[in-house]
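Trainee: After the structure tokens below, expect a handful of questions from me.
Protein chains in written order, with this note's numbering: chain U, 8 to 745; chain C, 163 to 345.
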């Protein structure tokens, strides 16, 4: 979790802390009230204390809250600045401004208001006010005192009257009557005699409106008994009903000490004024006594309001600062994470103003970046995969090329050797450094290998065909002191637009194959020779045995038999001689001596030999104008044509047709085609067709097509056999004219 | 050292010397007595009935003193074990009309006595002097236990630094140890 997230997470706890402090305050106040209530103190006393303590607790909580909020945010700002979080400085300034703007005026207002209130409270208790209230109270008291003094004087008179010369009045008869008389005489409203604190007689003025006999307090009577005299006041039922009394103590008798109490009811108007004065005075005193508490409570109230404002302003400042800085910090954090490659990060913050637009734009930008990066990565992955696949394919091809028996050489469009596998290097007895990167003419500059290079000297289009039309040649080269025969196939490589990319040369070493073929051919030849020799030997042997039998039997037809046997033996020997001559001719076939010949004339001469030889089979020739002359050995060319025509007529039954066509190809070679409408050649026989002593006829020497193949090969040409349409076979000879 | 220097030194010392502290309210003459299983407590609050308290009473505001009393079992070298506690509230109210003081005595919230007094000396005596007040009933307990009484007076609340509310209390005063009555 980042620092900012930790700070944000903790910031949500603030409300709980404040709520907790508020709850704690309530609990403490409740406990305090409970404790005070339990002491059964007067409500006013409890209220004052509760108020002050409650205010104090609220202030303490607010002070703690303000300090907590300020300190916490101060620490947060310090930490953010230390971690160089973007927006920390701005936030610091914003918070300082808000708090400064609120703190200074609030504190000034607090000091001013507090002083104003303190001085106002002090003014309540200034000397004039105190004097007025005190004098008013003194006047009220003086008025009562005056009535009490009169009552005191009259009480003494009553005491002297009822206790003359120190006698005890309690014992006096007719005391009640005398008291009524004295009360009436003195115009008192109340007169009573007590023995100690026990009422003996009492009299009240019926006009005074008292329903019951007033009852002086015990403390009043105690004071009279203790001091001999005492003034007092009795509160009568009803509003402002007061009885000013005075008591004097007399002699002590058996029942106790005599106490005379005389009272005069104060006028209601006077009593009301007096009560108001006393009440005002008491109120003044109470205020004065509670002046300290009053000041304290007001001070605490102002402090509470100040702290509330301070708390609210600082909190508001922090809140507004957060509203601005949190999106900025989130953007900064997002920028950092995007820069570190975390393109999936999105800024999520509560903002509903221009910052929202900023955040949305940022998120859109990062989303676009993420998409582009994903596309790039995907492309890169595909490229890597393609490269890997290509490398694998290249390695596979290289491995295949290195392991194939055939030599494979590739040349680029400029004719430089691009690749040359091990088999090709071994065939050509060269190393890689001698051929790779070099032009074909430089790589194979000697006379023998130059034949290979000569294949690429001609323009590509004329030298070889496209991939679909590969051309092959047989090359014989003397390499390392021995003759090697190679089949060379050249393919052109074209790109999709048909432009040449280069060539691929495939070398097939036919030396061993040819040697094997020669061995096989000679084996076949020996077998055929033995067979051909055995065939005439049998009739010769039979003729000789017949002669011997006739001679032993002295047969008269011996002479005729001798003649017949001699004829047979001569004929068979002639056949054997013919066969030996054929073999001898094949074996002694000379190297061709090319010369310019008229192709049409040679063709006509050969056709003339066969015309009419096989009725129903038509012989025709078609010599193209561009092939009128060619550079050939005339006798070997004639011999090849004879052999082909011989086979064609042999295979064609009447009615049939044998055609000889000649033409000059685009590459300058002379093409000779001998087509027939005969039975055709089976596909499995075509491979062996040009081998010596191979025949599909079941007779003959089997050297005809072998001789044709030899002649064509000696002329550096090619021969192939195909099916003729609609039936028959066609032999095609290509003879280069270079 | 010249005489002038002595004078200056003494003046400085006099200035530095702490000012004589005002007499702090405290409890004295704490005595206990047993009547059967009842613990009777007597004590006196000295210097507690000051002018401030007097003015407050005469202003007509109900003013009281709360005496907290606790009974402990003495434990040697350890904190004493509390057995029981009680509080006596003495609240005075001045009737400016009759100029009498009504003093109520409440033990654990129950009114046990009410007096009407006419002068301040009687009032001070009533507020600050407790004589043979039966407070605790002792349950049966081992006779070798040592008990003691602790008393504290709470005189109301005040302020510190003009705005910090405080309770005005005396220190706890402990009685001499005594043994419970034998069964």
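Even glycine gets a Cβ: it sits at the ideal position worked out from N, Cα and C.
Note that the structure is predicted; figures quoted are calculated from it, not measured.
Between which two residues does the beta strand (DSSP E) holding residue 274 (chain C) run?
Mentor: In the second chain, counting from the first residue as 1, residue 274 (chain C) sits at position 112. Here the beta strand (DSSP E) through residue 274 (chain C) covers 272 to 279.
Trainee: Under a Cβ-count criterion, where at least 16 other Cβ atoms within 10 Å of its own Cβ denotes burial, should residue 735 (chain U) be classed as buried or exposed?
Mentor: Translated into positions along the first chain, residue 735 (chain U) becomes position 728. The residue in question, residue 735 (chain U), is buried, as its Cβ has 16 or more Cβ neighbours within 10 Å.
Trainee: Kindly indicate which three-state DSSP category residue 333 (chain C) falls into: helix, strand or coil?
Mentor: Residue numbering aside, residue 333 (chain C) sits at position 171 when the second chain is read from its first letter. Looking at residue 333 (chain C) - three-state DSSP - the assignment turns out to be coil, as it is neither helix nor strand.
Trainee: Please classify residue 476 (chain U): is it buried, with 16 or more other beta-carbons within 10 angstroms of its beta-carbon, or exposed?
Mentor: Position 469 of the first chain, counting from 1, holds the residue named residue 476 (chain U). With a pLDDT of only 44 at residue 476 (chain U), under 50, the local geometry of the prediction cannot be trusted, and the value read off the model is given with reservation. Exposed, because fewer than 16 other Cβ atoms sit within 10 Å of the Cβ of residue 476 (chain U).
Trainee: For residue 635 (chain U), name the three-state secondary structure that DSSP assigns.
Mentor: Counting from one through the first chain, the residue named residue 635 (chain U) turns up at place 628. Three-state result, residue 635 (chain U): coil.
Trainee: Please specify which runs of the alpha helix (DSSP H), each continuous and at least 4 residues long, are wholly inside the segment 335 to 375 of chain U, giving them in chain order.
Mentor: For the segment 335 to 375 of chain U, not a single whole alpha helix (DSSP H) run of length 4 or above is found.
Trainee: Assuming residue 296 (chain U) and residue 221 (chain C) are in contact, meaning their beta carbons sit under 8 Å apart, how far apart are those beta carbons, in whole angstroms?
Mentor: As a first step, residue 296 (chain U) must be located in the first chain, where it is residue number 289. As a first step, residue 221 (chain C) must be located in the second chain, where it is residue number 59. That pair is a contact at about 5 Å.
Trainee: Taking 8 Å as the cut-off, decide whether the C-beta atoms of residue 256 (chain U) and residue 235 (chain U) are in contact.
Mentor: Locating residue 256 (chain U) in the first chain gives position 249, counting from the first residue. Locating residue 235 (chain U) in the first chain gives position 228, counting from the first residue. Going by C-beta atoms, residue 256 (chain U) is nearer than 8 Å to residue 235 (chain U).
Trainee: Pop quiz: residue 223 (chain U) and residue 243 (chain U) are said to be a contact at Cβ under 8 Å. What is the actual Cβ separation, rounded to whole angstroms?
Mentor: Counting from one through the first chain, the residue named residue 223 (chain U) turns up at place 216. Counting from one through the first chain, the residue named residue 243 (chain U) turns up at place 236. Not confirmed; about 12 Å, so no contact.
Trainee: Which runs of the alpha helix (DSSP H), 4 residues or longer, sit entirely within the segment 542 to 606 of chain U?
Mentor: 565 to 594, all fully within the segment 542 to 606 of chain U.
Trainee: Between the Cα of residue 602 (chain U) and those of U:570, U:616 and U:638, spot the shortest distance and give me the residue it belongs to.
Mentor: The residue given as residue 602 (chain U) occupies position 595 in the first chain. If we check each option's Cα against that of residue 602 (chain U), U:638 comes out closest.
Trainee: Is it true that the CB of residue 166 (chain U) sits closer than 8 Å to the CB of residue 267 (chain U)?
Mentor: The residue labelled residue 267 (chain U) in the question sits at position 260 within the first chain. The residue labelled residue 166 (chain U) in the question sits at position 159 within the first chain. Yes. Within cutoff.
Trainee: Cα-Cα, which of U:649, U:679 and U:718 is closest to residue 596 (chain U)?
Mentor: Residue numbering aside, residue 596 (chain U) sits at position 589 when the first chain is read from its first letter. Nearest C-alpha to residue 596 (chain U): U:718.
Trainee: In whole angstroms, what is the alpha-carbon distance linking residue 215 (chain C) and residue 315 (chain C)?
Mentor: For the purposes of this step, residue 215 (chain C) is identified with residue 53 of the second chain, where counting begins at 1. For the purposes of this step, residue 315 (chain C) is identified with residue 153 of the second chain, where counting begins at 1. Computed Cα separation, rounded: 14 Å.
Trainee: Quick one: grab the DSSP three-state call for residue 714 (chain U).
Mentor: Working through the first chain from its first residue, we reach residue 714 (chain U) at position 707. Note: residue 714 (chain U) maps to helix in three-state DSSP.
Trainee: Within 8 Å of any Cβ in chain U, is that where the Cβ of residue 227 (chain C) sits?
Mentor: Within the second chain, the letter at position 65 stands for residue 227 (chain C). With 8 Å as the cut-off, residue 227 (chain C) does not count as an interface residue toward chain U.
Trainee: Determine which residues of the segment 273 to 296 of chain C have a Cβ less than 7 Å from any Cβ of chain U, and write them out in chain order.
Mentor: Within the segment 273 to 296 of chain C, the qualifying residues are 278, 279 and 280.
Trainee: Taking Cβ positions, are residue 482 (chain U) and residue 459 (chain U) nearer each other than 8 Å?
Mentor: The residue you call residue 482 (chain U) lines up with position 475 of the first chain. The residue you call residue 459 (chain U) lines up with position 452 of the first chain. Yes, Cβ-Cβ distance for residue 482 (chain U) and residue 459 (chain U) is below 8 Å.
Trainee: Based on Cα-Cα distance, which residue from U:328, U:366 and U:323 lies nearest to residue 341 (chain U)?
Mentor: The residue given as residue 341 (chain U) occupies position 334 in the first chain. Closest option to residue 341 (chain U), Cα to Cα, is U:366.
Trainee: With H, G and I counted as helix, E and B as strand and the rest as coil, what does DSSP make of residue 23 (chain U)?
Mentor: Taking the first chain and counting its residues from 1, the one referred to as residue 23 (chain U) is at position 16. It is helical.
Trainee: Starting from residue 447 (chain U), trace the alpha helix (DSSP H) both ways and give me its first and last residue.
Mentor: Within the first chain, residue 447 (chain U) is the residue found at index 440, counting from 1. Unbroken alpha helix (DSSP H) run through residue 447 (chain U): 447 to 450.
Trainee: Check the Cβ of residue 218 (chain C) against every Cβ in chain U and list those closer than 7 Å, keeping chain order.
Mentor: Along the second chain, read from residue 1 onward, the residue named residue 218 (chain C) stands at position 56. Chain U residues near residue 218 (chain C): 296.
Trainee: Taking a Cβ distance cut-off of 9 Å, strictly less, list which residues of the segment 234 to 267 of chain C are near chain U, in chain order.
Mentor: Taking 9 Å as the Cβ-Cβ cut-off against chain U, the residues of the segment 234 to 267 of chain C that qualify are 249, 251, 253, 255, 256, 257, 258, 259, 260, 261, 262 and 263.
Trainee: Is there at least one Cβ from chain U nearer than 8 Å to residue 211 (chain C)'s Cβ?
Mentor: Your numbering for residue 211 (chain C) matches position 49 in the second chain. Answer no: the Cβ-Cβ gap between residue 211 (chain C) and chain U never drops below 8 Å.
Trainee: Within 10 angstroms of its Cβ, does residue 519 (chain U) collect 16 or more other Cβ (buried), or is it exposed?
Mentor: Taking the first chain and counting its residues from 1, the one referred to as residue 519 (chain U) is at position 512. Counting Cβ neighbours within 10 Å, residue 519 (chain U) comes out exposed, since fewer than 16 surround it.
Trainee: Relative to the C-alpha of residue 552 (chain U), which residue among U:573, U:345 and U:539 is closest?
Mentor: One-based indexing of the first chain puts residue 552 (chain U) at position 545. The candidate whose alpha carbon is nearest that of residue 552 (chain U) is U:573.
Trainee: How would you label residue 139 (chain U), buried or exposed, when you count the other beta carbons within 10 angstroms and need 16 or more for buried?
Mentor: Here residue 139 (chain U) refers to the residue found at position 132 of the first chain. By the neighbour-count rule (16 or more Cβ atoms within 10 Å), residue 139 (chain U) is not buried but exposed.
Trainee: Closer than 7 Å by beta-carbon distance: list the chain C residues that pair up with residue 299 (chain U), in chain order.
Mentor: Translated into the one-based positions of the first chain, residue 299 (chain U) becomes position 292. Under the 7 Å cutoff, chain C gives 321.
Trainee: Check whether the Cβ atoms of residue 630 (chain U) and residue 665 (chain U) sit closer than 8 Å, and answer yes or no.
Mentor: Your numbering for residue 630 (chain U) matches position 623 in the first chain. Your numbering for residue 665 (chain U) matches position 658 in the first chain. No.
Trainee: Under 8 Å, do residue 644 (chain U) and residue 609 (chain U) count as touching if we go by C-beta distance?
Mentor: Counting from 1 along the first chain, the entry for residue 644 (chain U) is found at position 637. Counting from 1 along the first chain, the entry for residue 609 (chain U) is found at position 602. Cβ distance < 8 Å, so residue 644 (chain U) and residue 609 (chain U) count as in contact.
Trainee: Using only the alpha-carbon positions, how far apart do residue 372 (chain C) and residue 306 (chain C) sit?
Mentor: Within the shown structure, residues of chain C are numbered from 163 to 345, placing residue 372 (chain C) beyond reach of any answer.
Trainee: Going by DSSP, name the residue or residues bridged to residue 493 (chain U).
Mentor: In the first chain, counting from the first residue as 1, residue 493 (chain U) sits at position 486. DSSP lists U:482 and U:516 as partners of residue 493 (chain U).
Trainee: Does any C-beta atom of chain C lie closer than 8 Å to the C-beta of residue 240 (chain U)?
Mentor: Indexing the first chain from 1 puts residue 240 (chain U) at position 233. True, the Cβ-Cβ gap to chain C drops below 8 Å.
Trainee: Within 10 angstroms of the Cβ of residue 90 (chain U), are there 16 or more other Cβ atoms? Answer buried if so, exposed if not.
Mentor: Here residue 90 (chain U) refers to the residue found at position 83 of the first chain. That one is exposed.
Trainee: Contact criterion: CB-CB distance below 8 Å. Does residue 259 (chain U) meet it with respect to chain C?
Mentor: Taking the first residue of the first chain as position 1, residue 259 (chain U) is located at position 252. Not one chain C Cβ lies under 8 Å of residue 259 (chain U).
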